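Residue numbers (our numbering), protein chains in the order written: chain A, 194 to 672; chain B, 194 to 672.
Beta carbons: idealized from backbone N, C-alpha and C, even for Gly.
The structure presented is a predicted model; accordingly, all values stated were derived computationally and were not measured.
A short write-up of the structure that comes next.
2 protein chains.
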Amino acid sequence: MAKEKKLVEAITSMEDDFAQWYTDVVLKADLIDYTSVKGCMVIKPAGYAIWENIQSELDRRFKETGVENVYLPMFIPESLLQKEKDHVEGFAPEVAWVTQGGLEPLQERLCVRPTSETLFCDLYAREIHSHRDLPKVFNQWCSVVRWEKTTRPFLRSREFLWQEGHTAHATAQEAEERTIQMLNVYADFCEEVLAIPVIKGRKTDKEKFAGAEATYTIESLMHDGKALQSGTSHNFGDGFAKAFGIQYTDKDNTLKYVYQTSWGMTTRMIGALIMVHGDNSGLKLPPRIAPVQLMIVPIRQDAPGVLDKAAELEAALKAAGVRVKTDVSEKSPGWKFSEQEMRGIPLRAELGPKDLEKGQAVLVRRDTREKYIVPFEEIPAKAAKLLEEIQQNMYETALAHRNAHTYDVTSYEEFKTTINEKPGFIRAMWCGCQECEDKIKEDTAATARCIPFEQEQISGTCVCCGKPAKKMVYWGRAY
Amino acid sequence: MAKEKKLVEAITSMEDDFAQWYTDVVLKADLIDYTSVKGCMVIKPAGYAIWENIQSELDRRFKETGVENVYLPMFIPESLLQKEKDHVEGFAPEVAWVTQGGLEPLQERLCVRPTSETLFCDLYAREIHSHRDLPKVFNQWCSVVRWEKTTRPFLRSREFLWQEGHTAHATAQEAEERTIQMLNVYADFCEEVLAIPVIKGRKTDKEKFAGAEATYTIESLMHDGKALQSGTSHNFGDGFAKAFGIQYTDKDNTLKYVYQTSWGMTTRMIGALIMVHGDNSGLKLPPRIAPVQLMIVPIRQDAPGVLDKAAELEAALKAAGVRVKTDVSEKSPGWKFSEQEMRGIPLRAELGPKDLEKGQAVLVRRDTREKYIVPFEEIPAKAAKLLEEIQQNMYETALAHRNAHTYDVTSYEEFKTTINEKPGFIRAMWCGCQECEDKIKEDTAATARCIPFEQEQISGTCVCCGKPAKKMVYWGRAY
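Below, the structure written as structure tokens:
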């Protein structure tokens, strides 16, 4: 029992210190390990399996919209990075530079890609000649590097995994439609698969991507009331096309610039899963993304018939499409329960000699801890049904939490009190000028998370300067 | 017709200039594009889709043997790379060095991983404490960088994609078994999926991996008679474990070193597909790896009913599990045929107004060019059957080619004549000393490809020095 306590006690409670709780979960749920390279992590099997599921779900959704995958080099020559002014200003201060290849110093230094707009533009400039070559709807899965000063596993690391989509279109309208389409893919994925409700909207000019005409975002709320930017989709207009000379001959035989977009989602979503759903027993994974959905824990596994029945049950669950494993390690059942909870496996089946006699097993939900005594033959169907219920319940719980931590605010005093006393989203009107945005950030450390597509009139005036305002904005402190 | 000719003529014939033929196919089949970074390529959708199929097939086979995927950083601190003497000597001359992060020079330079033994050892040293922590059977899919002087798409590039498996075991025997097991996974994959016959064997000490005790390899023969190392599996013994201090407490409570392996396969297999199966019409993909297995080419697609029937056919083929597309572009049918052949799509269905009348379509095989007139309702079953036949025929053709270009040689004079006049594998006896190996390489540019598991006695004496010899070796000039 001492040992079992230790596993649970190893986690700081989230109410005491959310940041420490997060780090504890990341390590105790065996998602990552630190490395000798500062700011870079090892994503261990339990963490990487979540990423593989994210990849396969997203990739399928991408391909349904006509996306094709490619792979571009990880190096960008300095001269290429510098072609688009705003872009280089945004990224140059935080890239890693390769200055030597083999035994020779390089003539031109290469940065390790922080993002690949410039490489895709270079490709498109070579490949696009005619309207017949359009649209290009390419995506790549890769790792990128940004030399961050302060780092946290999944949320901000010097190297992280992501996908980056880059498209080129004949018209501004088509580019805008693709930008929104991909934002919707991200939003649906987050809500349907990760059970994370999101706010869809547009970034302010201050917060938009370096080089973009418009950046759209989905924003989610973590358990501690801080916001997390969860996916972005950028409309570049023809800015990059002009900088890189990406032109095509249209049907009317005139030369035109293309319109471009890019969009990305990263391993930080694993951080979001932890911070939206986790609790003081550890990780809590929505069934649709959980690498293991059900863990069978044999009780007294040395007793006759227990492991045989467990194997039979495992086979029946697999046949029913449930991702199932049996914990046959030499640990005690209590320790195994703690581990299964720590790792966020949505369902557990307890099976001992007494259950065997009665022809049943006990199913235990990770989300509500409810127990169900289920006859063997009903287990596959019941498990499948419970997994759907858990998925639904986790989404609803997260949505209720977000709604309970979203505050409509009309005065600046109220804004300041709320952000300090009630961590969460603040919905407040904004006049649209950057001075107010800067002042709010300076006074409160809150940023404009997004101008949501679904607008509501909270008041008639800007929460900061009091001038007439038409735009409602979600504000919050963010990761 | 001029245009159609152009597409075909754009390929140099393989008999005239094999290297140029290869480059032409790589570009005309739309697999890659060059980039502004020397030695790095863009893998375009048609090329990347092949890699995705390689990945999914291999990954499935790995997981069936208990492999778990992880992700380790792309950077290795110089001090870490230097921990194993042979390893650093092998790789240090050809790595890319990051010396600056953001605006600051780094205190210790980082190399971009050329391979990740050192990082996995660093991880295992932290993670392995007890016999209960063993075995570790990890793999990662990533890109690696080797600063090659001469580069060729897929075959030798400065950055390439691969998987690298790294395992740690309690005993030497278990490590050896895993090394061979993974070599067999590679061999089966090559033969069953890529339709490429391979020779399995062991590398000579001269040719083994930097830091390995033994390197096993699968070697395949390209159409021009040159060999290609197609996958390697290394047994490290406890050499790395000693350099990195990877020890575990065994059941008998004593501290022991682990035994390790690593194994990898890369995007160069796309090069192998081209050079084993391709012809003067372009690429020829085995059905099991082909992203598109059947292309429907409508003839007179503006004629009533043609596109409707094509769509119907496409749906029926999809339902039968065939990866199918319809080419509805505005090009001429002849041009579409050339493109389908250039891209190596194994089957084509031609469908015009006359076929419509007769209730049939014409299936054309890419491998033999045979035509089959098939009633609509029989097409899905016939296509599935033909795809299997094509797969089988391509393997047999490649095997026959290899057998016809494998020469048993007993004298050094014969060796030198054969290697110059009959490009292919030479099977000859070897005394086992490196001097002969060096001399053969110097005189003929041929290297010991492998000491095959299946040994045959070709003669009693070393082909080079004439001393008694027990080992038969496959020799060849290699990519």
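* Asked: When every heavy atom of the ligand GTP is checked, does at least one fall within less than 7 Å of the C-beta of Glu250/B?
  -> The model on display carries no ligand, and the ligand GTP is accordingly not part of it.
* Could you tell me if Asp217/A is buried or exposed, where buried requires 16 or more neighbouring beta carbons within 10 angstroms of its beta carbon? => By the neighbour-count rule (16 or more Cβ atoms within 10 Å), Asp217/A is buried.
* **Buried versus exposed, by CB contacts within 10 Å (16 or more), Pro286/A** => Exposed: under 16 other Cβ atoms inside 10 Å.
* Measure the C-alpha to C-alpha separation of Gln585/B and Tyr452/B and round it to an integer number of angstroms. => A straight line joining the alpha-carbon of Gln585/B with that of Tyr452/B spans about 39 Å.
* To do: Give me the Cβ distance between Met535/B and Leu476/B, rounded to the nearest whole Å; I'm assuming they're in contact under 8 Å.
  => Cβ atoms of Met535/B and Leu476/B come within 8 Å of each other, at about 7 Å.
* Asked: Which chain B residues sit within Cβ distance under 9 Å of Cys233/A?
  -> Under the 9 Å cutoff, chain B gives Leu265, Pro266, Met267, Phe268.
* Contacting residues, own chain, Cβ-Cβ under 6 Å from Val219/A (five flanking each side not counted) -> Result list for Val219/A: Ile225, Pro346, in chain order.
* Asked: Does the segment 618-637 of chain B touch the segment 372-383 of chain B, meaning 3 or more C-beta pairs lie closer than 8 Å?
  -> No: the two stretches stay apart, fewer than three of their Cβ pairs being nearer than 8 Å.
* Starting from Val374/A, follow its DSSP beta bridges and name the residues at the other end. => The sequence given here has Gln at residue 374/A, not Val. Assignment of beta-bridge partners to Gln374/A by DSSP yields no partner.
* In whole angstroms, what separates the C-alpha of Leu176/A from that of Val281/B? -> Outside the shown range of chain A, which is 194 to 672, sits residue 176/A, and nothing can be said about it.
* Asked: Since Gln300/B sits in a beta bridge, which residues does DSSP pair it with?
  -> DSSP output for Gln300/B lists no bridge partner at all.
* **Burial state of Ser531/B (16 or more Cβ within 10 Å)** => In the assembly as shown, Ser531/B is a buried residue. Its beta-carbon has 16 or more other beta-carbons within 10 Å.
* Which first and last residues belong to the alpha helix (DSSP H) in which Leu327/A is found? -> Careful: Leu327/A lies outside any alpha helix (DSSP H) and carries neither H nor E.
* To do: Let me know the secondary structure DSSP gives Pro346/A once reduced to three states.
  => Looking at Pro346/A - three-state DSSP - the assignment turns out to be coil, as it is neither helix nor strand.
* To do: Give the secondary structure of Trp623/B by DSSP, where H, G and I count as helix, E and B as strand, and everything else as coil.
  => Residue state, collapsed to three classes: strand.
* Output yes if chain A places a C-beta closer than 8 Å to the C-beta of Glu582/B; else output no. => No, no contact with chain A.
* Asked: For Asp601/A, which residues from the same chain have a beta carbon less than 7 Å from its beta carbon, with the 5 sequence-adjacent residues on both sides left out?
  -> These residues qualify, in order along the chain: Arg620, Ile651.
* Asked: For Ile236/A, which residues in chain B fall below 7 Å Cβ to Cβ?
  -> In chain order: Val263, Tyr264.
* Asked: Quick one: what does DSSP say Tyr672/B is sitting in, helix, strand or coil?
  -> Correct three-state label for Tyr672/B: coil.
* **Segment limits, beta strand (DSSP E) that includes Met458/B** => 452-459 is the span of the beta strand (DSSP E), which, as asked, contains Met458/B.
* To do: Would you mind working out which of Leu251/B, Leu540/B, Leu478/B, Gly545/B sits nearest Glu563/B, comparing C-alpha positions?
  => Selected option, being the one with the closest Cα: Leu540/B.
* To do: Would you kindly work out how many angstroms separate the C-alpha atoms of Tyr409/B and Met458/A, rounded to a whole number?
  => Their backbone Cα atoms lie some 39 Å apart in a straight line.
* To do: State the Cα-Cα distance for the pair Pro491/A and Arg254/A, rounded to the nearest angstrom.
  => Their Cα atoms are separated by approximately 38 Å.
* Measure the C-alpha to C-alpha separation of Phe353/A and Ser336/A and round it to an integer number of angstroms. => Between the C-alpha atoms of Phe353/A and Ser336/A there is a straight-line separation of about 5 Å.
* To do: Spell out whether any CB of chain A is found under 8 Å from the CB atom of Lys196/B.
  => Note on Lys196/B: pLDDT 49, under 50, position unreliable in the model; no value is reported.
* **Buried/exposed call for Arg395/B, threshold 16 Cβ in 10 Å** => Arg395/B comes out buried.
* Asked: For Arg559/A, which of helix, strand or coil comes out of DSSP?
  -> Coil at Arg559/A, not helix or strand.
* To do: Would you kindly work out how many angstroms separate the C-alpha atoms of Ala554/A and Leu544/A, rounded to a whole number?
  => For Ala554/A and Leu544/A, the distance between alpha carbons rounds to 5 Å.
* Determine the DSSP secondary structure at Asn246/B, reduced to helix, strand or coil. => The answer is helix: DSSP assigns Asn246/B an H, G or I state.
* Thinking just about the alpha-carbon of each residue, which of Ser229/B, Val230/B, Met234/B, Ala242/B is nearest to the one in Val485/B? -> Answer by Cα proximity: Ala242/B.
* Could you have a look at Ile633/B and say whether DSSP puts it in helix, strand or coil? => Helix.
* Report, in whole angstroms, the separation of the C-beta atoms of Ala671/A and Leu421/A, which I expect to be a contact under 8 Å. => Yes, Ala671/A and Leu421/A are in contact; Cβ-Cβ is about 7 Å, under 8 Å.
* Asked: Closer than 8 Å, CB to CB, is Thr292/B near chain A or not?
  -> Cβ-Cβ to chain A under 8 Å: yes for Thr292/B.
* Are the C-beta of Val305/A and some C-beta of chain B separated by less than 8 Å? -> Interface annotation, Val305/A: in contact with chain B, CB-CB separation under 8 Å.
* Give the C-beta separation of Val338/A and Val263/B to the nearest angstrom, bearing in mind that I take them to be a contact with Cβ-Cβ under 8 Å. => Contact flag wrong, Cβ pair sits at about 19 Å.
* Asked: Where do the ends of the beta strand (DSSP E) carrying Gly358/B lie?
  -> Note, Gly358/B: beta strand (DSSP E), 352-362.
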